[in-house]
Structures are given as C-alpha cells and as structure tokens.
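Scroll down for the structure; my scribbles are underneath it.
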Amino acid sequence: SVVELDRLAGEPLDVLVNGTLIAHGEVVMVNDKFGIRLTDVVSQSERIQRLR
Numbered sequence: 559s560v561v562e563l564d565r566l567a568g569e570p571l572d573v574l575v576n577g578t579l580i581a582h583g584e585v586v587m588v589n590d591k592f593g594i595r596l597t598d599v600v601s602q603s604e605r606i607q608r609l610r
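Heads up: the sequence shown begins at 559 in my numbering, then just goes up one per residue.
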C-alpha cells in the first residue's frame, strides 16, 4: 500500500492506525525510496488506556 508522508528523511513521526498511536518512528530513504523505521512501539496496555 502507499502511505503519504509529510516529513523529510530523518524527521520523527508518529504512526497512527485508525487514529490510535501505535508507534513512533523516523522517515528513512533507501535507494531513492522512502520508508519508516520504527523506533518505539507503544505497549498494548498503553494503547488500551488511550482508547478510554
């Protein structure tokens, strides 16, 4: 799938699924293609607490 990024390589970002924070990461560029390197995954208990 295609994900639209509004950041440049090296910048931090939050990864949201259906509006829920699931991870923190940074934009990376490999062979002229953009990607996301996850630096921290939010624990299941934290995700559940954020839903309340």
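Positions of the beta carbon are idealized from the N, C-alpha and C atoms, including for glycine. Remember, predicted model here, so these are calculated numbers, not experimental data.
Exercise for the section: Specify, as a first and last residue, the run of the beta strand (DSSP E) that Leu571 falls within. Expected result: Working through the sequence shown from its first residue, we reach residue 571 at position 13. It spans 570–575 - the beta strand (DSSP E) in which Leu571 sits, taken as one unbroken run.
Exercise for the section: Within the same chain, show all residues whose beta-carbon is closer than 8 Å to that of Gly593, passing over the 5 residues directly before and after it, in chain order. Expected result: Counting from 1 along the sequence shown, the entry for residue 593 is found at position 35. Result list for Gly593: Val585, Val586, Met587, in chain order.
Practice task
Report yes if the C-beta distance between Thr597 and Gly577 is below 7 Å; otherwise report no.
Solution key: Your numbering for residue 597 matches position 39 in the sequence shown. Your numbering for residue 577 matches position 19 in the sequence shown. Cβ atoms of Thr597 and Gly577: not closer than 7 Å.
Practice task
Starting from the C-beta of Leu609, find all residues in its chain whose C-beta is less than 8 Å away, skip the five residues before and the five after it, and write them out in chain order.
Solution key: Looking up residue 609 in the sequence shown gives position 51. If we look at Leu609 and ignore the five residues flanking it on each side, its Cβ neighbours are Thr578.
Exercise for the section: Out of Leu566, Asn589, Arg595, Ala567, state which residue places its alpha-carbon closest to the alpha-carbon of Val573. Expected result: For this step, residue 573 is matched to residue 15 along the sequence shown. The residue with the shortest Cα to Cα distance from Val573 is Arg595.
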